[in-house]
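In the working numbering, the protein residues as written are 26 to 353.
To start, the structure itself, in structure tokens.
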Ligand code: AMP
Ligand code: MG
């Protein structure tokens, strides 16, 4: 947690210039992470309050552990009536499963539950229970028809909820005429417009190997910047590190060689799901998705290399990594 807070602070320092009259800020804890929002404009303060309320509302609907959430009811009862936002996020999640060839899959909950990261009690599952959970996951079905959902397995929106929340914040800012804002929901950064002086935002990308350091700085505006890293939630046992991003094929933490995946895209929800997916897919599959489907830019980090697509303005800060620029 300390690490998240200090990263948030460094992000704020990098992202924000000190403002005077119309600047508003909010900082709070939701969706298991520290959230910071800074906006500039006449209605900035009201807009941020509305945005904060919306995030609390979404957390109440999407949480996999809160017993009063819609997702909890669906997982427990196998059926539930869903509100508009829950229908919409599931629809987007299923699109992202298709786009990523199954690397992103909200139905993984029977498997991820055994690893215990979301519950705060991480452990290595036994081989038999993990095998049974993978079988349950692979044969599970989900149908949503209007507001009625039927699910034979269990779902977990942890890899996409913050991105969906960021897209709702973006809508609220737009509706309230706020044209310049930076919002950080954990590893999910939402940039609205440019800084108030017209220059691009500078977003620090966390160093996946060095606690509280940055591996580089990205200049960007009016987009989502989302990073997924195994270092965010992990534990070590007998010299092996286990992290929270699961390969749906094996049921084990993914070992694709990627230790951090950042996605930059106009679509906040897509960027969140995709950063989780690219982490699982590895360098070759990620590159192929970028070339064939596109609609996003990325920074992939392996143990020794930073791979950056050519649509980004990224300045690396650690010479120990070689930099490979991907051109279309
Ligand atoms: P993120 O931090 O956005 O990369 O999301 C990680 C979270 O997504 C995990 O804590 C799990 O709740 C969930 N998750 C883990 N592996 C996957 C996966 N392959 N597809 C979808 N969600 C996943
Ligand atoms: Mg994600």
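Think of the CB as a built atom: it goes at the ideal place given N, C-alpha and C, for glycine as much as any other residue.
If you're wondering where the values come from, they're calculated on a predicted model, not measured in any experiment.
Q) Between residue 179 and the rest of its own chain, which residues show a CB-CB distance below 6 angstroms, the 5 nearest in sequence each way excluded? A) 100, 134, 135
Q. Does the Cβ-Cβ distance between residue 244 and residue 170 come in under 9 angstroms?
A. no
Q) CB of residue 163 to nearest heavy atom of the ligand AMP: below 8 angstroms? A) no
Q.
Please report the distance separating the alpha-carbon of residue 250 from that of residue 56.
A. 18 angstroms
Q) Which partner residues of residue 216 appear in the DSSP bridge assignment? A) 207
**Q.** Close beta carbons around residue 282, own chain, < 6 angstroms, minus the five adjacent residues each side
**A.** 307, 327
Q. Exposed or buried, what is residue 320 when buried is set at 16 or more other beta-carbons lying within 10 Å of its beta-carbon?
A. exposed
Q: Identify which residue in 312, 270, 191 has its Cα closest to the Cα of residue 73.
A: 191
Q.
On a Cα-Cα basis, can you pick out the residue from 299, 298, 279, 316 that is closest to residue 305?
A. 279
Q | Limits of the unbroken alpha helix (DSSP H) element including residue 196 | A | 186-200
Q) Among 177, 124, 47, which has the Cα closest to the Cα of residue 105? A) 177
Q.
Only counting the same chain, and skipping five residues up and downstream in sequence, which positions put a Cβ closer than 8 angstroms to that of residue 247?
A. 216, 217, 218, 219, 291
Q. Anyone know if the C-beta pair for residue 83 and residue 201 falls short of 9 angstroms?
A. no
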